[in-house]
Each structure stands twice: as C-alpha cells, then as structure tokens.
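Working notes for the structure below.
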Amino acid sequence: MTINSIVNGLVQRGIGSPWLVGSGLIVVETRGRKSGTPRRVPVLAQRFGNTLFVSTVRATSQWVRNLEADATPSIVLAGKSVPVSTAVTRIGDWTLIKLELAT
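Numbered continuously in numbering that gives the first Met the number 0, the sequence shown closes out at residue 102.
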C-alpha cells in the first residue's frame with residue numbers, strides 16, 4: 000500500500016480537509032488525458048473560502064497535465080466530490096494551481 004492510497008482513503012472520509020481558511024489535504028480528481036482513466040492525487044492545499052491553491056516544484060507532474068486537459072475536474076473536500084474550475088501558472092519548475100469551487 001502506498002502513502003498516496005492511505006492519504007486518499009483518509010481524505011475520502013473527510014479527514015484532514017482544510018476549513019474555510021487554512022491548509023489541509025484534498026484529492027484532485029481528473030481523467031488521464033490519453034487513457035481517459037480516472038486519476039486521484041492527494042495534495043496539500045491552502046484554502047481561502049471558495050478558492051484553494053496547490054503548488055508543485057516538478058515541472059513534469061503528470062497530474063498537473065491531466066488537470067489542464069480535463070474539462071470537468073473535481074476535488075474531494077471534506078469527504079465530498081466538488082467540481083472546480085482551474086488556472087495553472089508556471090514559473091520555471093514551480094507550478095501554482097488555483098482551484099475555484101463551483102458555486
């Protein structure tokens with residue numbers, strides 16, 4: 000069992016999610032851009048109301064590329080799947096992802 004599967008299971012149960020403001024764990028849900036297979040990646044997010052921010056220092060992260068290609072991404076937040084809109088900004092190897100909860 001990998002650490003991602005353990006964290007994914009906890010977040011799916013609503014454990015560790017960020018409150019209205021603060022940091023915590025979410026699961027980014029996308030479809031593989033080539034395979035169409037559902038993908039779930041647990042990440043640490045910073046939340047400010049309906050906006051969450053995630054970052055990575057790996058320019059080649061496949062989950063980010065899948066997120067950019069997916070027309071209907073969602074996240075698991077407090078144990079519930081929630082649709083989001085996304086904006087990805089790259090600066091060198093650093094990537095900032097803005098996730099806006101659908102209202």
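Glycine included, C-beta positions come from ideal geometry on N, C-alpha and C. Everything numeric in this text was worked out from a predicted model, so none of it was measured.
Cβ distance (whole Å) where residue i is taken to contact residue j below 8 Å
i, j, result
"V27", "F47", "At roughly 17 Å, the Cβ-Cβ gap does not stay under 8 Å, so V27 and F47 are not in contact."
"E99", "V83", "6 Å"
"N3", "P41", "6 Å"
"A101", "G13", "Going by Cβ atoms, the distance from A101 to G13 rounds to 19 Å, so no, they are not a contact pair."
For residue i, the three-state DSSP class (helix, strand or coil)
i, result
"G21", "strand"
"S80", "strand"
"I108", "Residue coverage of the chain in this structure runs from 0 to 102, which leaves residue 108 outside it and unanswerable."
"S34", "coil"
Cutoff 8 Å; reference residue i; Cβ partners in own chain excluding five residues on either side
i, result
"G91", "A58"
Residue environment, residue i, which counts as buried when at least 16 other CB atoms sit within 10 Å
i, result
"L51", "buried"
"A44", "buried"
"T1", "exposed"
For residue j and residue i, the rounded distance between their alpha carbons
i, j, result
"T94", "A86", "10 Å"
"I5", "G15", "12 Å"
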